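Chains as they are written, first to last, in the numbering used here: chain D, 4 to 274; chain P, 372 to 461. Glycine is no exception: its CB is placed at the ideal position from the N, C-alpha and C atoms. All of these numbers come straight from a predicted model, not from anything done at the bench.
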Amino acid sequence: MPAHHVLIYLFTGAAAGLVGAMLGIGGGVFLVPLLTLALGVPIRAAVAASLISVIATATASSTVNLDRGLVNMRLAMALEVATSIGGLGGGLAASLLSTQQLFLIFGGTLAAMGALMLMRSGRRNVIADTSVDPGRLGGRLQEGDTTYVYRVRRLNLALGASLVAGAVSGLLGLGGGIIKVPVLNTFCGVPIRVAAATSAFMIGVTAAASVFVYFARGDVVLPISAAVALGALPGSLLGARLGQRVEARALKIFLAAVLLLVGGRMALEAL
Amino acid sequence: MTGRVEYLEDVIEKGLKVGLALSTGLLLVGLVLNATGPLRWGILLLMLTPVARVAVVTVGLAIERDWIFATVSFAVLAILVAGIWVAVHR
Chain D
4 MPAHHVLIYL FTGAAAGLVG AMLGIGGGVF LVPLLTLALG VPIRAAVAAS LISVIATATA
64 SSTVNLDRGL VNMRLAMALE VATSIGGLGG GLAASLLSTQ QLFLIFGGTL AAMGALMLMR
124 SGRRNVIADT SVDPGRLGGR LQEGDTTYVY RVRRLNLALG ASLVAGAVSG LLGLGGGIIK
184 VPVLNTFCGV PIRVAAATSA FMIGVTAAAS VFVYFARGDV VLPISAAVAL GALPGSLLGA
244 RLGQRVEARA LKIFLAAVLL LVGGRMALEA L
Chain P
372 MTGRVEYLED VIEKGLKVGL ALSTGLLLVG LVLNATGPLR WGILLLMLTP VARVAVVTVG
432 LAIERDWIFA TVSFAVLAIL VAGIWVAVHR
């Protein structure tokens, strides 16, 4: 591979890692279209490279987020069961739906979530009264000098969303965070920063559920995957740190914009 | 209880850093020298890092006697191992 191609893949990985780690969505939603449409990488190789890059982003950003106590490990593990089953089952659903239907349903859902997030961006999920019991799955969050408490609501919905996220992940090479983060934040009472950090922690496992199948099939093009993953590492470390500095409301609006853009584009492509 | 979870988080964080450092090194060497061996091992190591992380969590929670979440974590590990098994035997 020529040196300037390596640089392009490194830069692409870094950009996807930066945004992916900041919002907890991994970055596959940008990587797959960028690699296939702009760089001409075959779809299976792009999905494989994206899954590997999602693992790199999840691993790198988790070293930052764990250190700051932002990852809700119990919630992550409970949702990982649903999401990894979905990941393995994704292949079965693929034969039931056409790509067009998949894009339409997925794109439409994302755009709707984006609109909902935008409308609710002013609301907060945290409780300033630290005497409130966070429950078995809830937790505490330190912001500046203030400690907040949050409780997890509608766990069944979170589990269902994780199952769908896992299935979509295996099909399209995403981490699935683009579904999990908005659902956790909008419906389940999880603060945006915790939702992003917990999702980033999970998506590595989601990607790992299907990536070995791609590897064994010979879909992993080593230099492309390596360059994208190497770029994603510094990008994610920076993204995870940035995500903690930016105001919660700005993060939500940014995520809403990404959802509207990606969802709208996918739905339009199917029409 | 909280102290133990924090300890487990600390162990995971260090484990993830070691996995990242090793695979980054291998990928860099592979790309610079244009060598397939280090690239393949670097990518495999990166792919195995989340699996190792789930294994560490499972053992850690079992040591803490948090049986519910240890079982949950073991289920995730079983699904991941099933994924690897399917990949190898297809």
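Residue-level contact to chain D via CB, residue i, 8 Å cutoff
| i | result |
| --- | --- |
| Glu435 (chain P) | no |
| Gly396 (chain P) | no |
| Leu416 (chain P) | no |
| Leu404 (chain P) | no |
| Ala453 (chain P) | yes |
| Leu393 (chain P) | no |
| Val428 (chain P) | yes |
| Val400 (chain P) | no |
| Met372 (chain P) | Residue confidence for Met372 (chain P) is low, a pLDDT of 43 falling below 50, so the modelled location carries little weight; the figure read from the coordinates is stated next. No - not a single Cβ of chain D is within 8 Å of the one on Met372 (chain P). |
| Val476 (chain P) | The structure shown has nothing for residue 476 (chain P), since chain P only spans 372 to 461. |
Test: residue i CB closer than 8 Å to a CB of chain P
| i | result |
| --- | --- |
| Ala219 (chain D) | yes |
| Gly16 (chain D) | no |
| Ser228 (chain D) | yes |
| Gly30 (chain D) | no |
| Ile11 (chain D) | no |
| Ile108 (chain D) | no |
| Ser65 (chain D) | yes |
| Ser53 (chain D) | no |
| Asp222 (chain D) | no |
| Arg196 (chain D) | no |
| Ala24 (chain D) | no |
| Thr133 (chain D) | no |
| Gly242 (chain D) | no |
| Ser213 (chain D) | yes |
Selection from the options that minimises the alpha carbon distance to residue i
| i | options | result |
| --- | --- | --- |
| Met120 (chain D) | D:Val224, D:Val67, D:Val186 | D:Val186 |
| Glu250 (chain D) | D:Leu166, D:Asp132, D:Gly138, D:Gly147 | D:Gly147 |
| Gly16 (chain D) | D:Ala79, D:Ser239, D:Gly111, D:Ala270 | D:Ser239 |
| Gly413 (chain P) | P:Val425, P:Val428, P:Leu391, P:Pro421 | P:Leu391 |
| Ser87 (chain D) | D:Val208, D:Leu13, D:Arg252, D:Arg123 | D:Val208 |
| Val35 (chain D) | D:Leu100, D:Gly20, D:Leu26, D:Pro137 | D:Gly20 |
| Ser228 (chain D) | D:Ala18, D:Ala118, D:Leu38 | D:Leu38 |
| Val223 (chain D) | P:Val430, P:Thr442, P:Arg411, P:Gly401 | P:Arg411 |
| Leu73 (chain D) | D:Lys255, D:Glu272, D:Ala243, D:His7 | D:Ala243 |
| Val84 (chain D) | P:Ile383, P:Ala441, P:Pro409 | P:Ala441 |
| Arg126 (chain D) | D:Leu254, D:Leu263, D:Arg268 | D:Leu254 |
| Ala168 (chain D) | D:Val67, D:Ile28, D:Gly267 | D:Ile28 |
| Val57 (chain D) | D:Met205, D:Pro194, D:His7, D:Ser124 | D:Met205 |
| Gly31 (chain D) | D:Leu69, D:Leu140, D:Thr133, D:Gly180 | D:Gly180 |
| Leu393 (chain P) | P:Ile455, P:Leu417, P:Glu384 | P:Leu417 |
| Ala406 (chain P) | D:Ser64, D:Met4, D:Ala49, D:Asn68 | D:Met4 |
| Leu258 (chain D) | D:Ser64, D:Gly192, D:Met122 | D:Met122 |
Short Cβ contact (8 Å threshold) for residue i with residue j
| i | j | result |
| --- | --- | --- |
| Ala59 (chain D) | Ala235 (chain D) | yes |
| Leu105 (chain D) | Leu177 (chain D) | no |
| Leu233 (chain D) | Leu399 (chain P) | yes |
| Leu387 (chain P) | Arg424 (chain P) | yes |
| Phe109 (chain D) | Val171 (chain D) | yes |
| Ala273 (chain D) | Gln145 (chain D) | no |
| Leu91 (chain D) | Ala453 (chain P) | yes |
| Ala230 (chain D) | Val9 (chain D) | yes |
Own chain, CB closer than 7 Å to residue i, minus 5 neighbours either side, in chain order
| i | result |
| --- | --- |
| Leu295 (chain D) | For chain D, the structure presents residues 4 to 274; residue 295 (chain D) sits outside this window and is missing. |
| Ala164 (chain D) | Ile182, Lys183, Val186 |
| Leu448 (chain P) | Val425, Ala426, Thr429 |
Residue range of the unbroken alpha helix (DSSP H) whose run includes residue i
| i | result |
| --- | --- |
| Arg268 (chain D) | 251–273 |
| Leu21 (chain D) | 6–26 |
| Arg411 (chain P) | 407–434 |
| Pro45 (chain D) | Where Pro45 (chain D) is concerned, there is no enclosing alpha helix (DSSP H), given that its DSSP letter is neither H nor E. |
| Ile206 (chain D) | 195–219 |
| Thr189 (chain D) | 180–189 |
N- and C-terminal bounds of the beta strand (DSSP E) containing residue i
| i | result |
| --- | --- |
| Thr150 (chain D) | 149–153 |
| Arg1 (chain D) | What the structure shows of chain D is the stretch from 4 to 274, and residue 1 (chain D) is not part of that stretch, so it cannot be assessed. |
Sequence-distant residues of the same chain with beta carbon closer than 6 Å to residue i, five excluded per side
| i | result |
| --- | --- |
| Met116 (chain D) | Pro185, Leu262 |
| Ile287 (chain D) | Limits of chain D in this structure are 4 at one end and 274 at the other, which puts residue 287 (chain D) out of reach. |
| Leu162 (chain D) | Ala85 |
| Met25 (chain D) | Gly242, Leu245, Gly246 |
| Met372 (chain P) | For Met372 (chain P), the predicted structure reports a pLDDT of 43, less than 50, and the residue's modelled location is therefore unreliable. A value from the coordinates is still provided. Around Met372 (chain P): no qualifying Cβ. |
Any non-hydrogen atom of the ligand ZN within 7 Å of residue i CB
| i | result |
| --- | --- |
| Val74 (chain D) | Judged by which ligands are present, the structure shown has none, so any question about the ligand ZN falls away. |
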